[in-house]
Amino acid sequence: MASAGKKKRISNVTNTQPSNNGAGSSSGTVGDGQVSGFVEGSIIRITMQNFLTYDHSIVHPGPNLNMIVGANGTGKSSIVCAICLGLAGKTAILGRGDKVGLYVKRGCNKGSVEIVLHKAKGNLVINREIHVENNQSTWLLNGKHSSQKTVEEEVKALQIQVSNLCQFLPQEKVGEFAKMTKIELLEATEKSVGPPEMYEFHCELKTFRTKERELENVCKEKASALEKFKQRNERNKHDVERYYEKKRHLDNIKMLEKKKPWVEYETARKELEGVKKSREDAKKQLKTVRESQAPMLKKIQHIDSQLRPIENQMKDKTVSIREASQKCKQKQDQLDRKHREIEDIKQAFSLKQTEAADRQKRISNTRRMIDDLRAELANVGDQSDVTPRINAVNAELRRIQEEKAKMEGEKADMRREKDNLNGECRLLKNRLRSLDDMMKIKEEKLRGRSKDTYAAVQWLRQNKHIFSGNVYEPMMLVISVRNPNHAKYVENHIPFNDLRAFVFQKREDMEKFMMEVRDSQNLRVNSVFAPEESCAIRAPSRPIESLKRFGFFAYLRELFDAPEEVMSYLCNQYKVHDVPVGTDQTKAMIKTVIEEPYLKVLYTAEEKYSLKKSFYSGKTSTSNSAVRPSQYLTMAVDAEEKCQLEEQIRTAEKSMQAIDVQMSAMQERTAKLDHCDNELRAQKKGLSEMKGKKRQLEQKISTKQDSLRQMEQGGIDLQKAEEETKAQISAVNSQKVAIVAEFMSHMKLRAKLSMEKVYMALETVGMTAEKTKLETDCREGSAELRVLEQACAMLEQRKARLLEMCKGLMRRAREICNMDPGESAVPPDLHTAFSQLPDTMDEIDAMLNEERSRAECFTGLSENVVDEYNRREQEIKNLEKELDEKSNALKTYRQNISEAKERWLNPLKQLVEQINDKFSDFFRSMQCAGEVDLHSENEEEYDKYGIRIRVKFRSSTQLHELTAHHQSGGERSVSTMLYLMALQELNRCPFRVVDEINQGMDPVNERRVFDIVVRTACKETTSQYFFITPKLLQNLQYADEMTVLCVHNGPHMLPPNKWDEKAFTRRCLRRKGK
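Numbering (our numbering), first residue to last: 93 to 1166.
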């Protein structure tokens, strides 16, 4: 602790638990009243109640440099968190928990932070009470309830920015300072040390520049659109002129089409008057001709009355002739049928003659066959008896059948045995396949987590033969958890690096493996080798039965299976044989359990407990953590079961192969027996045929003799048949004579009727000739009559057509001219227009064709072209007006940008130059080089301006930009700290906080940086500075203006009311004197 100096102040700390933290400080003044040395907005007091590690603690920082020192975990960063949250900062700034309720001490429902800020007109007291239940906060401002927004406004008014890394750099954000872009660093610097209006000017410039770009784009777009519209209208101007020319021709066509129906109507009306007159003349001529032809027509009618009865009689004669002819035809058909009947009788007699000849031939053949069979029967009777030979063959056949039946029984037994083995083999393979599928799932999980390890597994499976001892794939593949619910305990106990490690029985195999996969293939894998003496069956410190009363049910080793070498390694390395696993009962009795001897690690249902015994006090400290869910071992694959399944499958397949060999041998033996059986059966058949041949011959002879007798008895009497045939033919001929007589009578009747019809026809011919002569004479006289009749009809039709045409033309003319139905005269306005047009149809058609041809020359034109042209003309006028307005606005914005740039850029350059001078001086004092400059790729892009920090720590290198990757961690920390110190002397913010930035520095740089910090932060013109560190080098240079706050914690801390600083100082001096 630093010496007291000229002034002395004791930090009040109140504790209620012996394990809580305490904070001590020296230098300063007691109380919250008006104090000297503090700038506006500096922190005078920090009070924490149930906050993180503190029950109750009060910290009184000094006005200049405040060194907060303490071991890791004592609560230094808790003070930083209190400053941030007490000044309405966000939890994201601290990089710890995202909910404010997490900053309340564990086991408490609420906590509070109170900060007193220095103000010339009266200190500002901010109190924040945090509630865990709803994760909300209540605020007090100078003892009165307030809102967070009001607190934020008060803090902002004092130039306090806890979200600015240039002012407030917590431990978790130290590394992010070097990751800040040049643009972010410029904004943070402007907010931290620049005049209040500088950042506002910068934001205003960026806004102006954005609007300027928008206006430039708008002006370009409108100018481009205006030019395009003008070009389009220029192109369409000729089309518009052509459109109006076409419209003039179309108007002429319309007027001609209106006049044309009137001209057509007038022409048709005149033609109708002429037709009416011609029709009257034709009617008069027709009447005269008809009167002159009346006598001849009467005589023709008289002849017709005489011809009509004769024609009727001729029709009757024709019907009678037709009937007689029909009867003649019927009789002729009957004669034909009798002819065919006689032919059938003759044919039947011929068939009987042929049948008699065939019967005689069959009798002769049968007699010859009987003689041949008798001769063969005589030869067969001389041979010996074959019955003994047939009996011998039958006996041999029975023996072969018995042997075949026996072999079939054996084959059936073998087939049943093979089917049983085959079914058993399928079941085993299905079980093995399910294990392989589970193994593939585990392999996919391994590949997802470590591709290099997965690649090494594939290589090992192909090259396992090159190793002399046992080699096991990664433990997560060979470990099989008996109950998936227990997999989480195994995974939490064995680190993943060992779960993905290969296990070797021999060290030389491990070295060979690592040389290949790690050195040659550049794969990042882990490997271990098992102890030479197996630890797999090592006994636990005490039997599990003695622990069951606490809810323990097994040791960790009993929850899974693994090869012996793997289990030996785990027992030796992680003591899985001595780690008990319990239940919720264990959790409930945990205070009693941790007092049991020999327990170092244990598991409850959801937590892991680690027990450590102090060598000094003998007391046991306990730490616990939640058991993570299992990710890799849930899918349990029993390696021993897999090996047993593979061995059983191989045994079953060998048995099936042996059965196949036996069945093949039996099949060959069966084939030989079948061959012998076939030969014996052929021999038996030959002997049987020889024995039965005599009997067959006798039967055949008897059969043939019976057949011969039947043929001799069944003969036909041809003479009798011939007489019957003649009698039948004679009867049919008698019937034919009767039919012929009837036929002749019908023929005579038909001839008589025909002659009568001929006489009537001759009489009709004379009368018809006379009629024809009269009709010819009448026809010659009536030719003129027909011509006149046709002329009258044509004129009548033409009159009707013309009348309808006139009516239609009148209606059409009215419709075209939009006239009322009763009007018949041309309207006056149209009459004037019609007078200037031709009066004949030919002239009108010629003019119409001419006007249409001219109109058709104007193709591709429409009224839309003119509408678009006129609309675009109006848009051109509007665009010209808008372009003038936007151009004027753009000029105004450029003038504003020029003025704002002068207000912002010149002060900024001066500020950066001041920072560069301080930063460069600090680096020169450390025999290094560094500079800060204002960087911009384009002067007009104000959102791209940034501060660039360039440093070099060795004389042999060039200046390099400070980034998160180029410099080492210590070099980044030094650069960050010196940049913050360069800002310190510019002093616009009331205080700065830097938490553990010296962690990565080497001792030389740390000492240099510490000297610069003390020298800079302890000047009278600088603001308050908080420097948090867990350790300090020896023999550092201190200043009287700095305050050192020592933070301690532990079970033997004194309550604040018993703390005696003088006694503590005397003991220290006494110890130092010894």
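Note that beta-carbon positions come from the ideal geometry of N, C-alpha and C, so glycine has one too. Predicted model, so just to flag it, every value in this text is computed and none were measured.
For residue j and residue i, the rounded distance between their alpha carbons
i, j, result
"G1061", "L1070", "14 Å"
"K1123", "A163", "7 Å"
"M1145", "H223", "28 Å"
"K182", "S255", "8 Å"
"V411", "R878", "40 Å"
"D937", "K346", "13 Å"
"K409", "Y851", "11 Å"
"R963", "I1041", "60 Å"
"Q891", "G900", "In the sequence as displayed, the identity of residue 891 is Lys instead of Gln. Those two C-alpha atoms are separated by around 14 Å."
"I402", "T856", "7 Å"
"A1155", "R1163", "12 Å"
"G495", "R761", "The amino acid at residue 495 is misidentified as Gly; the sequence shows Glu. About 10 Å."
"M897", "D959", "42 Å"
"S119", "R1100", "Caution applies to S119, whose pLDDT of 33 falls short of 50 and renders its modelled position unreliable; the model cannot decide the point."
"R574", "L725", "10 Å"
"M939", "E356", "15 Å"
"T545", "S612", "14 Å"
"K1150", "T273", "51 Å"
Unbroken alpha helix (DSSP H) run spanning residue i, endpoints
i, result
"Y1130", "Run containing Y1130: none; DSSP gives neither H nor E here."
"T273", "Careful: T273 lies outside any alpha helix (DSSP H) and carries neither H nor E."
"A579", "579–585"
"M659", "656–666"
Identity of the residues DSSP links to residue i by a beta bridge
i, result
"D1087", "I1120"
"F712", "Sequence check: residue 712 is Thr here, not Phe. Note: T712 sits in a beta bridge opposite K705."
"K993", "Paired residue(s): none; K993 is not in a bridge."
"E221", "S204, T230"
"I618", "First, the amino acid is wrong: residue 618 is Asn here, not Ile. For N618, which the question treats as bridged, DSSP gives the partners A593."
"A718", "E699"
"Y564", "V595"
"M839", "For M839, which the question treats as bridged, DSSP gives no partner whatsoever."
Cβ-based neighbour list, residue i, same chain, cut-off 7 Å, excluding 5 preceding and 5 following
i, result
"H669", "R630, P632, Y647, R649, C663"
"S238", "W231, L232"
"H1187", "A question about residue 1187 goes unanswered here, because the residues of the chain that appear run from 93 up to 1166."
"E433", "V824"
Reference residue i; option with closest CA among the options
i, options, result
"G129", "H1140, T1114, F1118", "T1114"
"R460", "Q597, S799, D511", "S799"
"L348", "E960, P930, K978", "P930"
"Q1126", "L1146, I1104, P1095, A1109", "P1095"
"Q405", "K604, L845, F321, G1022", "L845"
"K213", "M886, S204, N234, L342", "N234"
"A445", "A861, I252, K812, C1020", "At residue 445 the sequence reads Gln, which differs from the Ala that was named. Comparing Cα-Cα distances from Q445 to each of A861, I252, K812, C1020, the minimum goes to K812."
"L694", "V658, L639, I968, E738", "L639"
"E415", "S170, L841, L469", "L841"
"N584", "G561, V719, I636", "V719"
"D428", "E972, G203, C1138, F835", "F835"
"N142", "G203, G366, K191", "G203"
"A174", "I150, V1004, L399, L157", "I150"
Bounding residues of the beta strand (DSSP E) (the contiguous stretch that carries residue i)
i, result
"E1033", "Looking at the DSSP string, E1033 is not in any beta strand (DSSP E), and its letter there is neither H nor E."
"F143", "135–143"
"A1021", "1021–1027"
"S149", "146–151"
Close Cβ partners of residue i (< 6 Å) along its chain, the five nearest in sequence each way excluded
i, result
"P262", "V172, L186, D1087"
"R1158", "none"
"K350", "I908, C909"
"E502", "none"
"S660", "A622, P623, S626, C627, A628"
Cutoff 9 Å: residue i Cβ touching any chain E Cβ
i, result
"M852", "Within the model displayed, chain E is absent; a lone protein chain is all it includes."
Contacts around residue i, its chain only, beta-carbon distance under 8 Å, and the 5 residues preceding and following it disregarded
i, result
"S619", "A593, F594, V595, F596, M602, F605, M606"
"I1193", "Here the chain has residues from 93 to 1166 only, and residue 1193 is not among them."
"A1021", "S1012, F1015, V1043, K1044, L1051"
"E699", "K679, N716, S717, A718, V719"
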